[in-house]
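Student: Please see the structure below; I have some questions.
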Amino acid sequence: TELSGDQDFQLFLQRNLEFTRKIRGDVAALQRLVCDTLQLCKEDELLLVRQDLDIAQAPLEQCHRRTFQAETCFSQIRAGLRVYHGSLATIRALLPGHAGLVDTLQLDMANLSSNIQQQMEDLGLATVTYPTENQDPVPTFSSQFHHQVGGFFILANFQRFLETAYRALRHLASL
Amino acid sequence: LGGTLGCASVTVSPPIVPLGSAVTASCTVQRELCQGLEQGRVRISWMLDNKPVAGSQRQGPGGTEVSNLTLPRFNHTQARLFCCVEWNGTKQRIGMAEIRAGYPPAKPLNLSCVLNLDDYGLTCQWQQGTNSHLPTSFVLKCMGSRAQAVTGCTPRGGHSHCTVPRQLLQLYRQMEIWVSATNSLGTAESEHLHIDPMDVAKLDPPTLQSIQSIPFQTDCIALAWDLAWGTKHMELQCELRYRAPEDPAWALVSGIIGQAGTAQHCGFLFGTQYSFQMRCRRSSASALGSWSEWSPVRNYTTHEKAPT
Amino acid sequence: LGGTLGCASVTVSPPIVPLGSAVTASCTVQRELCQGLEQGRVRISWMLDNKPVAGSQRQGPGGTEVSNLTLPRFNHTQARLFCCVEWNGTKQRIGMAEIRAGYPPAKPLNLSCVLNLDDYGLTCQWQQGTNSHLPTSFVLKCMGSRAQAVTGCTPRGGHSHCTVPRQLLQLYRQMEIWVSATNSLGTAESEHLHIDPMDVAKLDPPTLQSIQSIPFQTDCIALAWDLAWGTKHMELQCELRYRAPEDPAWALVSGIIGQAGTAQHCGFLFGTQYSFQMRCRRSSASALGSWSEWSPVRNYTTHEKAPT
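Chains as they are written, first to last, in the numbering used here: chain A, 1 to 175; chain B, 176 to 483; chain C, 484 to 791.
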């Protein structure tokens, strides 16, 4: 489908580029909180522990420049937002005093996903409608330390996911 | 007059009418239920608040007496219609119905909304339009572009504004927002706004952090600023204004990129104190997007001209 | 079972220590449970939050490596101690224990109680004393004179007051009441109050019903009052105070028997307006027994002097 140049599509991209920047800012705020309160700040100090933590990862290969495919990329972004929406329950448990920030983040993620879905439908692309409630089980950890390191990596992976999604949207906006 | 429960029943249909239109009422008196009215003819009469009005009386079913009344042009906004009977030489009020009159609600006007960036609540306000004289309820309605559920908010106690909480909004996407006014005589809707809530975000002003003269180009200055909290992720377009105390008007510099954080400008007099202020708005905001307030004033005196 | 599940276990004993005292910790690394640590020597190091601290490493049982660490004077109220190992040239945090330090609880001070005569609940309040920096729980304890079961109440959410319900009280009998504060480093108790809950009953003030001049002794007045609801069965001792507007201080009449309901008092000026107030307390109440508030003011003007 010929996407570039469509005025509505450009407006969608401009808006949701800013929205993604907002979400990245909120994730960075949570990462700072994990660093300040749990003293977990540097990823390269936790690689050994990570090896046996089952941390959610969301594939985005269709959004990478070499294999870029807009429709699948959009679907992968939505699927990833859903995975991380569920994983944030782990963060809420780690930072009980900051549930408000986690709630706002989950609201924004749900909005971004429905914005993408509606734009895909406007472009006549096939979309998936997820049930509102998230059934994925919240992961359990064998120790408090593992729970904290798990939370650290959920945010680190989510931040990388958002950077890739942001670059894909920016790539589309530049076409 | 002893127990008049059921002795007389007054009906007005409809009880709420457009101002100036006709009102018909009927009063049915069931003599045997009116303690004290057993003897003599039942003569029914009417009082509109305290003014007698004439009705026409006839026999009704089951030995009841019925009086019908028509008020051709009812131009009170509110009145009480009493059904009376003669008793011991006095006029007894034995039944009552309230009549209200007014207009269908006026179309709410000048609907405008502002998104508060602290809690992302969308506060909308409107003008109610001419008074309908009738109890009128207002509801702000909000619909996402896929016409899913209609959400919104209800103003408290007669206010003409209310706030839609973040959970009911869809950010960065066109929403349809309007006000609906309803009373017994009808419903009216305001214009429908089609806006992305972010377009009406109310920005706090930037803060001018430092202003310095750039040494080798003596008539230029460099200034640095911080953007308001919660706007770091936005593309902002800013304006600078400055003037010397004796200048009548502000000089304006527009098209400044907010995210840059610094800018240079030349053409200043030497050894002169200038006042500076800055404001910003979202570059992508539509015409509706409003400017932030001007930042607090920051004064700076350019240095003296270098001796040639 | 691959991975660091059990690869490293950190113990601090005890995990909560008096501020400034020594802390000893040990980290046991079971190499075969640490995915990726199979080759090379295991070199254990420590980080207190983000500061490296030195431990001493030795071989432990079953091929484990153990590092012990002593922090001579731990003066943080809260810190995280990380056990680390070298891996691919980087320092890996593989275990953590949280250390808290503070003081035993301070003795709760100024314990005072009031019995509410509406529901006969005994509400006690106290001051917590200096901060112990540790989670500290407070419990109000109440014991009847025969040292049967100890009852009481627990303040909600960090408050310094709570109410013992009627069912747990023994009225008209000496009870022992105190506050106990407990945290990981110890327990402290407030002074013990030995009171009959009735002694600290908070009375509502009486109500002055009528005040009249007694005709033949023109400088005397008679006044009548009602006692507060729920105090009719009590022997009350009351006080009256009065003054004319220009008087600097109140005149006080004490030793009035509450149950009497009326009293007389002389020495008033003629034709003068006086303000009257009354308050009562239980005659049998000990020193702790508190007066009710003063009743609402009641004004009365004595009549003019009779013409001689």
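Cβ coordinates follow ideal geometry from the N, Cα and C atoms, glycine included. Being a predicted model, the structure only gives us computed values, none of them experimental.
(1) Whose C-beta lies closer than 7 angstroms to the C-beta of Asp-224/B among residues of the same chain, with five residues either side of it excluded?
(2) Taking the beta carbon of Arg-78/A as the centre, do at least 16 other beta carbons fall within 10 Å, making it buried, or is it exposed?
(3) In terms of DSSP beta bridges, what is Arg-781/C paired with?
(4) For the segment 43 to 55 of chain A, enumerate the residues whose C-beta is nearer than 7 angstroms to any C-beta of chain D, in chain order.
(5) Rounded to a whole number of angstroms, what is the C-alpha to C-alpha distance between Thr-487/C and Ser-509/C?
(6) Span of the beta strand (DSSP E) holding Glu-364/B?
(7) Counting along the chain, where does the beta strand (DSSP E) carrying Leu-719/C start and finish?
(8) Considering only residues of the same chain and omitting the five flanking positions on each side of Arg-473/B, which have a CB-CB separation below 8 angstroms?
(9) Look at the Cβ atom of Ser-335/B, then the Cβ atom of Trp-301/B, and state whether they are nearer than 8 angstroms.
(10) Does the Cβ-Cβ distance between Leu-208/B and Gly-181/B come in under 8 angstroms?
(11) Would Arg-764/C pass as a contact of Leu-719/C if the rule is Cβ separation under 8 angstroms?
(12) The segment 506 to 517 of chain C: which residues have C-beta closer than 8 angstroms to a C-beta of chain A, in chain order?
(13) Threshold first: 3 residues or longer. Then list the beta strand (DSSP E) segments lying entirely within the segment 185 to 266 of chain B, N to C.
(14) Going by DSSP, what residue range makes up the beta strand (DSSP E) through Asn-358/B?
(15) Taking just the CA atoms, how far does Pro-498/C sit from Gln-653/C?
(16) Between the segment 567 to 583 of chain C and the segment 626 to 639 of chain C, do at least 3 Cβ pairs fall closer than 8 angstroms?
(17) Ignore the nearest five residues each way along the sequence and tell me which others in Cys-413/B's own chain have a CB closer than 7 angstroms to its CB.
(18) Go ahead and pull the three-state DSSP assignment for Gly-436/B.
(19) Would Gly-238/B pass as a contact of Val-185/B if the rule is Cβ separation under 8 angstroms?
(20) At a CB-CB cut-off below 9 angstroms, which residues of chain C make contact with Phe-68/A?
(21) Can you pull the chain A residues whose beta carbon is under 8 angstroms from the beta carbon of Arg-341/B, in chain order?
(22) Would you say Gln-31/A faces chain B, with C-beta separation under 8 angstroms as the test?
(23) Ile-116/A to Phe-74/A, Cα distance in whole Å?
(24) Rank Thr-357/B, Leu-297/B and Asn-263/B by C-alpha distance to the C-alpha of Gly-304/B and give the top, closest one.
(25) Among residues of its own chain, excluding the 5 on either side of Gln-50/A, which ones have a beta-carbon nearer than 8 angstroms to its beta-carbon?
(26) Checking 8 angstroms against the spacing of the C-beta atoms, do Asn-16/A and Tyr-347/B come in under that value?
(27) Does the pairing of the segment 91 to 99 of chain A with the segment 29 to 41 of chain A give three or more beta-carbon distances under 8 angstroms?
(28) Decide if Asp-682/C is buried, meaning its Cβ has at least 16 other Cβ atoms within 10 Å, or exposed.
(29) Report the three-state DSSP secondary structure of Cys-63/A (helix, strand or coil).
(30) Taking Cβ-Cβ distances shorter than 7 angstroms, what residues in chain B pair up with Arg-21/A?
(31) Going along chain A, which residues have a C-beta under 9 angstroms from Arg-321/B?
(32) Quick one, are the C-beta atoms of Leu-13/A and Leu-172/A less than 8 angstroms apart?
(33) What residues from chain C crowd round Gln-10/A, counting only those whose CB sits closer than 8 angstroms?
(34) Along chain B, in chain order, which residues have C-beta atoms closer than 7 angstroms to that of Gln-14/A?
(35) Output, in chain order, the set of chain C residues within a Cβ distance shorter than 9 angstroms of Phe-153/A.
(36) Distance check for Val-428/B and Met-109/A, CA to CA, integer angstroms please.
Tutor: Quick answer:
(1) For this step, residue 224/B is matched to residue 49 along the second sequence. Counting only Cβ-Cβ distances below 7 angstroms, and skipping sequence neighbours, we find Ala-254 and Arg-255.
(2) Reading the first sequence from its first residue, position 78 is the one you call residue 78/A. Counting Cβ neighbours within 10 Å, Arg-78/A comes out buried, since at least 16 surround it.
(3) Residue numbering aside, residue 781/C sits at position 298 when the third sequence is read from its first letter. Answer is Phe-759/C.
(4) Looking at the structure shown, chain D is missing, and the protein chains on hand are A, B and C.
(5) Here the question's residue 487/C lines up with position 4 in the third sequence. Here the question's residue 509/C lines up with position 26 in the third sequence. Its pLDDT being 46, under 50, Thr-487/C is placed unreliably in this model, and the coordinates cannot settle the point.
(6) The residue you call residue 364/B lines up with position 189 of the second sequence. Unbroken beta strand (DSSP E) run through Glu-364/B: 361 to 364.
(7) By 1-based counting over the third sequence, the position of residue 719/C is 236. 719 to 726 is the extent of the beta strand (DSSP E) around Leu-719/C.
(8) Taking the first residue of the second sequence as position 1, residue 473/B is located at position 298. Result list for Arg-473/B: Leu-383, Ile-386, Ser-450, Phe-451 and Gln-452, in chain order.
(9) Start at 1 with the first residue of the second sequence, and residue 335/B comes out as number 160. Start at 1 with the first residue of the second sequence, and residue 301/B comes out as number 126. Going by C-beta atoms, Ser-335/B is nearer than 8 angstroms to Trp-301/B.
(10) Translated into the one-based positions of the second sequence, residue 208/B becomes position 33. Translated into the one-based positions of the second sequence, residue 181/B becomes position 6. The answer is yes: Cβ separation under 8 angstroms.
(11) Stepping through the third sequence from its first residue, residue 764/C is reached at position 281. Stepping through the third sequence from its first residue, residue 719/C is reached at position 236. Their beta carbons are under 8 angstroms apart, which means Arg-764/C touches Leu-719/C by this criterion.
(12) Cys-517
(13) 191 to 193, 198 to 204, 219 to 223, 226 to 228, 231 to 234, 240 to 246 and 253 to 262
(14) Counted from its first residue, the second sequence places residue 358/B at position 183. Segment 350 to 358, the beta strand (DSSP E) holding Asn-358/B.
(15) In the third sequence, counting from the first residue as 1, residue 653/C sits at position 170. In the third sequence, counting from the first residue as 1, residue 498/C sits at position 15. Roughly 42 angstroms between the two C-alpha positions.
(16) no
(17) Along the second sequence, read from residue 1 onward, the residue named residue 413/B stands at position 238. Only Pro-381, Ile-431, Gly-433, Met-453, Arg-454 and Cys-455 meet the Cβ criterion.
(18) Locating residue 436/B in the second sequence gives position 261, where the first residue counts as 1. Of the three classes helix, strand and coil, the one that applies to Gly-436/B here is coil, per DSSP.
(19) Here the question's residue 238/B lines up with position 63 in the second sequence. Here the question's residue 185/B lines up with position 10 in the second sequence. No, Cβ-Cβ distance for Gly-238/B and Val-185/B is not below 8 angstroms.
(20) By one-based count along the first sequence, residue 68/A stands at place 68. Those within 9 angstroms of Phe-68/A in chain C number zero; the least Cβ separation is about 33 angstroms.
(21) As a position in the second sequence, residue 341/B is number 166, starting the count at 1. Thr-104 and Leu-107, listed in chain order.
(22) Translated into the one-based positions of the first sequence, residue 31/A becomes position 31. It does not; no Cβ of chain B falls within 8 angstroms.
(23) By 1-based counting over the first sequence, the position of residue 116/A is 116. By 1-based counting over the first sequence, the position of residue 74/A is 74. Rounded to the nearest angstrom, the two C-alpha atoms are 7 angstroms apart.
(24) Sequence index remark: in the second sequence, residue 304/B carries index 129 (1-based). Closest option to Gly-304/B, Cα to Cα, is Thr-357/B.
(25) Translated into the one-based positions of the first sequence, residue 50/A becomes position 50. Looking at the sequence shown, residue 50/A is not Gln but Arg. Excluding sequence neighbours, Arg-50/A sits near Val-149 and Phe-153.
(26) On the first sequence, position 16 is the one that residue 16/A refers to. On the second sequence, position 172 is the one that residue 347/B refers to. Their beta carbons are under 8 angstroms apart, which means Asn-16/A touches Tyr-347/B by this criterion.
(27) yes
(28) For the purposes of this step, residue 682/C is taken as the residue at position 199 of the third sequence. Burial call: buried.
(29) Translated into positions along the first sequence, residue 63/A becomes position 63. DSSP places Cys-63/A in helix when its eight states are reduced to three.
(30) Here residue 21/A refers to the residue found at position 21 of the first sequence. Those within 7 angstroms of Arg-21/A in chain B are His-408.
(31) In the second sequence, residue 321/B corresponds to position 146, counting from 1. Those are Ser-114, Gln-117, Gln-118 and Glu-121, listed as they occur along chain A.
(32) Sequence index remark: in the first sequence, residue 13/A carries index 13 (1-based). Sequence index remark: in the first sequence, residue 172/A carries index 172 (1-based). Cβ distance < 8 angstroms, so Leu-13/A and Leu-172/A count as in contact.
(33) Sequence index remark: in the first sequence, residue 10/A carries index 10 (1-based). Here the premise fails: no neighbours, minimum Cβ distance about 44 angstroms.
(34) Along the first sequence, read from residue 1 onward, the residue named residue 14/A stands at position 14. Near Gln-14/A (Cβ distances below 7 angstroms), the residues of chain B are Ser-459.
(35) Position 153 of the first sequence, counting from 1, holds the residue named residue 153/A. Correct list: empty, because the minimum Cβ distance to chain C is about 13 angstroms.
(36) Numbered from its first residue, the first sequence carries residue 109/A at position 109. Numbered from its first residue, the second sequence carries residue 428/B at position 253. Cα to Cα, the separation comes out at about 37 angstroms.
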